[in-house]
Structures are given as structure tokens and as C-alpha cells.
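Have a look at the structure below, then the notes.
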Amino acid sequence: MIVVAAHGTRDPAGPAVIEALADGVRAALPGEAVRVAYADVRVPSVADVLSEHLGERAVVVPAFLAAGYHVRTDIPQQIATSGHPRTVLADAFGPAPELVAVLIERLVDGGYRTGDGVVLAAAGSSDPRALVDVHDATYALSVRLGAPVRIGFAATARPSVSDAVASLRAARPDVPVAVASWLLAPGLFQRRLDDAGADVTANPLGAHPRVVDLIIRRYQAAVGAFVAA
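To convert, note that position 1 of the sequence shown is 1 in the numbering used here; the numbers rise steadily by one, no gaps.
Shown next, in the form of C-alpha cells:
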């Protein structure tokens, strides 16, 4: 069983993306059961899903772009609470190269043109290790675009997306500013990006085939833990 574990949002467009990702995994792996769970905000929780399937081997794939509190603390605690005896926690998405490719695709689709100023906008975290993941994604995007990229955060960390946009606009007043959305699904944080004052705001990564492929690879890598055991 694969458990795709997402953060959760009250915006119905958010879980629609997660369900679409799960459907993509089901289509690619027709013999494998795929469930959706949430670390916060929505139900079922990871603990709920695992406790209902105690007899199945389970791989929990955290659908998170950075390994912060939910990945390092919350989800492991939920796995322990469930009492599920055969669960492995896969790696989070992180700044995987294929996701940076999707990031650029969304940016271009949103109206970005070569030469525009760019802000990579992420969720933010109080965990410095998660912020390292965001900086790695920003560096990778900068390399791919061949131009500097600034960072902005939708919550918790600084600078905010709106501050990053304003700073870039002040430094280059004649250059359009584009925001690259380093978010997986729509919700409150994406709305903050939309309101940040940029000329172009990209959509989240969403249910892109490359994201589906990454879930599958994270799952396959984690399955090796069962074999080793």
C-alpha cells in the first residue's frame, strides 16, 4: 500500500490535486493500493489510514517540497500512533530536479519571459533544514534560468513574498517581476502569492506527470527497506 501524505488545506482545489496525483500513481501501478492521507487540517490523517490497514505493508510518501516539522516529526509520530507494524517512511520530495523542471513550465505558462525578475515563493518553515531545501530549489532554478532568483515565503520565514517582490521591483523598476510557485497545490499560501503584487504569478506544481513519477520513485526506493529487513 502506498500512502500519499499531504499537508492539507480547506480549499477544495487542494485535495483535488492530491487525489489526481494518487490516481496517476494508481494508473501507473495498477496492482498497488494507493491511499491519500493528510498531516494536518484535513482527514483522514496518516494514523487513520494506517490503523485501518494494519495487515498491509505500507509505504508513506510525504508529498512535501521541504522536510520540515510535518515530515520529520508529525508524520513519524502518526505512524507510531497507528500501531501499524510494517510501515516505511519514504523521503519527501525536496528540490528534486524534475520538480524544478515543472516549476519552470508553470512559470512560462504563467507569462514569464526571459529577462524578467524572478522570486521563488515557498511555504516557509521554522525548521532551518527545510529552508535549506528551499534555497537549494532556488539555486537550481537560477541555474536553469541563467539569472538570479530571489526567495520569498508565504508564511513563517522571511522575507515575505510581497517584500521580495517589492524589493526586486525597487531594484529593477523597469523589469517585470514573476513569482514561481514552489507549492504543490492551491490554497491559502497560493492566494498570498497571487496577492503579492507581481506582474506574473505561476500556478502551483499541481498534478503534473513528473510529480506522479517522483512519488513512484520515492515509493520504489523505500520498498528496498522491506527487502533489506
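Where is the CB? At the ideal position from N, CA and C, for every residue including glycine.
Local conformation of ALA58 per DSSP, three classes: strand
Through-space distance from ASP127 to SER160, alpha-carbon basis: 16 Å
Status (buried if at least 16 other CB within 10 Å, exposed otherwise) for THR73: exposed
Residue from PRO85, GLY94, GLY31 whose Cα sits closest to the Cα of VAL61: GLY94
Contact under 8 Å by Cβ, LEU193 with ALA155: no
CB of ALA101 within 8 Å of CB of ARG218, strictly: no
Alpha helix (DSSP H) runs contained entirely in the segment 90-116, provided each spans 4 or more residues: 97-110
Same chain only: Cβ atoms within 8 Å of THR9, ignoring 5 sequence neighbours per side: PRO15, VAL41, ARG42, ALA185, PRO186, GLY187, LEU188
Which of helix, strand or coil DSSP assigns to GLY197: coil
Where the alpha helix (DSSP H) containing VAL132 begins and where it ends: 128-145
Beta strand (DSSP E) runs wholly inside the segment 153-196, at least 3 long, in chain order: 177-182
Residue nearest to PHE132 in terms of C-alpha spacing, selected from PRO148, ALA66, ARG106, ASP11: Residue identity differs from the one stated: residue 132 is Val in this sequence, not Phe. Among PRO148, ALA66, ARG106, ASP11, the Cα nearest to that of VAL132 belongs to ALA66.
Option nearest PRO85 by Cα separation, candidates PRO173, GLY110, HIS135, ARG57: ARG57
Beta-carbon proximity check, ALA22 vs VAL4, cutoff 8 Å: yes
CB-CB length for VAL36 against GLU19, believed under 8 Å: 6 Å
Rounded separation between ILE2 and VAL34 - CA only: 5 Å
Member of ASN203, GLY24, ILE215 whose CA lies at the smallest distance from the CA of GLY111: ASN203
LEU103 versus PRO30 - alpha carbon distance: 28 Å
The segment 163-175 touching the segment 205-221, judged by at least three CB pairs closer than 8 Å: no
Terminal residues of the alpha helix (DSSP H) in which ALA22 lies: 13-28
Where LEU65 sits in the DSSP three-state scheme: coil
Residues that ARG210 bridges to, as DSSP identifies them: According to DSSP, which records beta bridges pairwise, ARG210 is partnered with nothing at all.
For LEU120: DSSP bridge partner residues: ILE151, ALA180
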